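In order, the protein sequence lines correspond to chains V and L.
Each number in my numbering comes from the position in the first sequence (counting from 1) with 18 added on.
Each number in my numbering comes from the position in the second sequence (counting from 1) with 16 added on.
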Amino acid sequence: MASIAVSEVDNTIDTPGRRTPLVTGDQTYSSVTQMICRISEEAQPTIWWITFAIAFPALLMFGALIGYLFLTGVGVWGNMSPVFWGWPIVNFVFWVGIGHAGTLISAILFLFRQNWRTSINRAAEAMTIFAVICAGTFPGIHVGRAWLAFWLAPYPSLNLWMWPQFRSPLLWDVFAVGTYASVSLLFWYMGMIPDLATFRDRSTNKWRRMVYSILSLGWTGSSRHWMRYEKAYGILAALATPLVLSVHTVVSFDFAVSQLPGWHTTIFPPYFVAGAIFSGFGMVLTLLIPVRAIYGLKHLITPRHLENMCKIILATGSMVGLAYTTEFFMAWYSQNKYEYDTFVFRAFGPYWWAYWIMFLCNVISPQLFWLKVFRQNTVLMWIVTIFVNIGMWFERFVITVTSLARDFLPSSWGYFSPTWVDILMLVGSFGLFTTLFCLFCRYLPIVAISEVKGVMSQHAHAQHRQAHGESH
Amino acid sequence: MASNIPNDNVTLPANWRGLAPILVAAGCVCVLLSLGLCYFASGTGEEAVGIRVFSLSYLSSFMFCLSFCLGSLFFVMVQHLVRASWSASIRRIAELLAFTIPWWSLLFLPVLALVIFTNEPWIYPWNVGAGQGLPAIVESKLQFLNPLWFTIRILVYFGVWIFAARWYFSMSRKQDESGDSEITLKLQKWAGPLIMLFALALNFGAFDIMMSTDPAWFSTIYGVYLFAGSMLSFFAVMIILCYLLQRNGRLEKMVNTEHFHDMSKFQFGFIVFWGYIAFSQFLLYWYGNIPEETLWYKHRMEHGWQYIGLLLIACHFALPFLGTMSRYVRRRKALMASWAGFILFVHWIDLMFLILPQEGIPVSFMLIAGNLVCLIGMICLFAALFTLRVGDTSLVAVKDPWLPEALAYQVGP
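In structure tokens, the structure reads:
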């Protein structure tokens, strides 16, 4: 196979009229296959073991704490009157938000024919699934009697003769997140089938071959398989696109349909969606910057990919900034005393630190991406993405806790303090997330091999066309 | 590369330009006729509402044309921002549409004059000033909603739009001569900051120009709502313009079925986006059921406006959603052009629904007729302005470095 991708170039430099290569370093089809497959075929690097050794005990701790919660009751959390929604809901919204980048990349960027998505979509989709698992855990255990959480499902109960409250956005959330999780999982898995078949064909171990055979559903790579695969992918992308908007829109309804100052505002749906994409890309970069370094994927996840993601973070961070500004302005413009006081309280009351952490991390820190050095230096970039992650957690904290902490009557005011269980559960959810991501790196194709190859040939064709363009 | 560019006719048909004086005359006549028609629009009370109806109709018709010009400005900037190539052959038309903003904004001067030189509440009830019996909630906003600050803000908003539109147009024209790809790099580089300024101006401009016609009411999503309508109407205008130009033997090879298909996809996307934003605003206020928020909807649910509201659900969302979903439809130029015409018509109804239903103004035959005639007048004026602005300018940025890619471009399945 001839070499079809170009050699080392700085693919972040724009040349109008020419597309920069998305795969660098003289790669061939077989070198790309080799680059991805060896990650799962060879022994994991030490850093993987260190990460796993930290994450897995944290996951176990998460399980133990959930057990403790079930045995003792939700009193183990800092939830109190009037802050009935504490960290569990903050964590829920935080993780659902993280889970937005995957489907955005795989569905919306696919519909826009953004070829650069191919190097990052697989890992982002995996991250989405794991984040949604973390997210789903929190409302599940927040219902109090978690063993009755199935009451959320609408089924004709012969004992109760009752249905869930369909007028409640909390129930809409069950459907929204449930649909999102199923479609994302299907999308992720279906996209992986050709690559799982590659894993199967390369495996030397009997057990490995058997497992990948089952997972790859008899894929042979025949043109009929590809035709159906492409068709299904397009349909799933079209179906998943409204889901990118709907999930966080419904999450925002959880807050915005209420009459609570700071929650009840019409910008919430698009603002939550922008914030979710912002946090999702923040987390994708947080994960992929180390992954590409550890597994030597710099020719697949190139500086161009990282730069594009930085720009999306800058754009969505600025949208979030516009939403903050609009909210604050409208709190005054509405001349609703409660609304305005809530915002002043957020920014200058006892939670001022949370508000300004949120503002600095979400609005100011992404502005650093105007500078090329921040879009190119992976260490600086990584630091900014950590700020983004912190900022987006604090955004949910600010929204949830500060609006509740001051009820309408001053006699019902309170100050929320988390307990050790709250803090360790948040840590534990990161344990769950990281463990799953480690296992994903260990066992599954972390870059969509077949899709990357498609982009390589397109680039080669484009070069060919440009070279011969004049004579045609 | 130049030899790849097809030999197309890329100038405006001469007879279009010849129509400009007639269009101006027709436009002025229609606007005056609209004044006459609106004058006889009935109110719910004793008070005559004719002049209010005309003023509000004027504003909504003005905003109709401004909205798709703003949409085109955003389109131009965002194409540079994302380094898009597919749109290189149609981008000049959007640049030209945006380039009409500097002159079109002059038609806002009557509104501004009404605010600066009079205390009439015809468009903006807050204009009567303090101590004139305004509700307390409006009275306390007068430090923001007053002629001086309003004028300053309007100048800033239009300043941002005019600057961006002129700069993008003139730079692109410069490239027509030199073919310098550095110009593209420069336009790409400044797209980001300018979009941020544009977004601020559009968001707060929507609050000032449109939302403050009901000064007690507020909605944080209002700017996004106007943005959705602007983008939707922009794609509709583009589809119609490309279709008409091709019918007149222009751009026959430069704009192909793939471009129509893509514009139709974007139009479809914004039909859904508009529905999403309009529904979000309605649901949250209906569900919250707080009087100062629902009052705005109350005005729109009585005196005949409720039927206009229902019409919007059907015609601004459901019908075009189903009608333009299919690939078959999107690749039929004449069919898509008629859908685009339909979209523009309902966009006008949408703006009317946003601006006209005020206290004491019911739907009446004269109101609809006056508003429609005003719209026709404004469209005539806009068309005249557009043809004059275009002049001899090429309708395609012929030396855009992305043009060869745009012409070779094919949408996937």
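All C-beta atoms, glycine included, are put in the ideal place defined by N, C-alpha and C.
On a predicted model such as this, the values are computed, not experimentally measured, just so you know.
Check	Outcome
Same chain, Cβ closer than 6 Å to V:Ser21, five either side skipped, listed in chain order	Its pLDDT being 43, under 50, V:Ser21 is placed unreliably in this model, and the coordinates cannot settle the point.
Among V:Val94, V:Arg460 and V:Ile65, the one whose alpha carbon lies nearest that of V:Pro491	The first residue shown for chain V is 19 and the last is 490, placing residue 491 of chain V beyond what the model contains.
Rounded separation between V:Gly35 and L:Leu49 - CA only	51 Å
Close-in-space but distant-in-sequence residues of the same chain around V:Phe451 (CB under 7 Å, 5 per side omitted)	Phe148, Ala149 and Cys152
Three or more C-beta pairs below 8 Å linking the region 290-297 of chain L and the region 273-290 of chain V	yes
Extent of the continuous alpha helix (DSSP H) to which L:Ser73 belongs	Gly66 to Leu97
Rounded straight-line distance, which links the Cα of V:Trp190 to that of V:Arg322	39 Å
Contact set between V:Ala199 and chain L, taken where Cβ atoms lie within less than 9 Å	Residues of chain L passing the Cβ test: none, with the nearest at roughly 21 Å.
Chain V residues whose Cβ lies nearer than 7 Å to that of L:Ser76	Within 7 Å Cβ-Cβ: nothing; L:Ser76 doesn't reach chain V, min ~21 Å.
Local Cβ density within 10 Å of V:Gln183, reported as buried at 16 or more and exposed below that	exposed
Residues bridged to V:Arg36 (per DSSP)	V:Thr33
Residue range of the unbroken alpha helix (DSSP H) whose run includes L:Pro126	Leu125 to Phe133
Helix, strand or coil at L:Gln297 according to DSSP, with G and I counted as helix	helix
Reduced DSSP secondary structure (H/G/I, E/B, other) of V:Asn177	coil
Proximal chain V residues relative to L:Lys157, where beta-carbon distance stays under 7 Å	Tyr351 and Gln353
Reference V:Phe296; option with closest CA among V:Val108, V:Gly117 and V:Trp181	V:Gly117
Selection of the region 265-285 of chain V by Cβ proximity to chain L, strictly under 8 Å	Thr267, Phe271, Ala274, Val275, Ser276, Gln277, His282, Thr283, Thr284 and Ile285
Closer than 7 Å to chain L by CB, V:Ser336	yes
Among V:Ile417, V:Ser202, V:Phe458 and V:Trp113, nearest to V:Leu254 - alpha-carbon criterion	V:Ser202
Residue environment, L:Lys157, which counts as buried when at least 16 other CB atoms sit within 10 Å	buried
Cβ neighbour criterion (16 or more within 10 Å) applied to L:Ser105	buried
Selection of the region 97-118 of chain L by Cβ proximity to chain V, strictly under 7 Å	Arg99
For V:Ser383, the nearest candidate out of V:Ala215, V:Leu332, V:Thr343 and V:Leu422 (CA to CA)	V:Leu332
Chain-ordered chain L contacts of V:Leu263 [CB-CB under 7 Å]	Tyr292
Buried versus exposed, by CB contacts within 10 Å (16 or more), L:Gln148	exposed
L:Ser58: contacting residues in chain V (beta-carbon distance under 8 Å)	The premise fails here: L:Ser58 is roughly 32 Å from chain V at the closest Cβ pair, so nothing lies under 8 Å.
Residue of V:Thr38, V:Thr30, V:Ile65 and V:Thr33 minimising C-alpha distance to V:Arg16	Nothing about residue 16 of chain V can be read from this structure; chain V reaches only from 19 to 490.
L:Ala18 versus L:Ala110 - alpha carbon distance	Low confidence applies here, because L:Ala18 scores a pLDDT of 48, under 50, leaving its location unreliable and the question unanswered by this model.
Reference L:Leu404; option with closest CA among L:Trp32, L:Met254 and L:Arg169	L:Trp32
C-beta contact flag for V:Pro543 and V:Phe80 at 7 Å	There is simply no residue 543 of chain V to check, as chain V begins at 19 and stops at 490 in what is shown.
Within-7 Å CB hit, L:Pro417 to chain V	yes
Proximity test, Cβ basis, 7 Å: V:Met348 and chain L	yes
Neighbour flag for L:Phe358 against chain V, beta carbons, 7 Å	no
Close Cβ partners of L:Arg68 (< 6 Å) along its chain, the five nearest in sequence each way excluded	Trp138
Members of the region 117-141 of chain V near chain L, C-beta cut-off 7 Å	Arg131
For V:Ser297, three-class secondary structure by DSSP	helix
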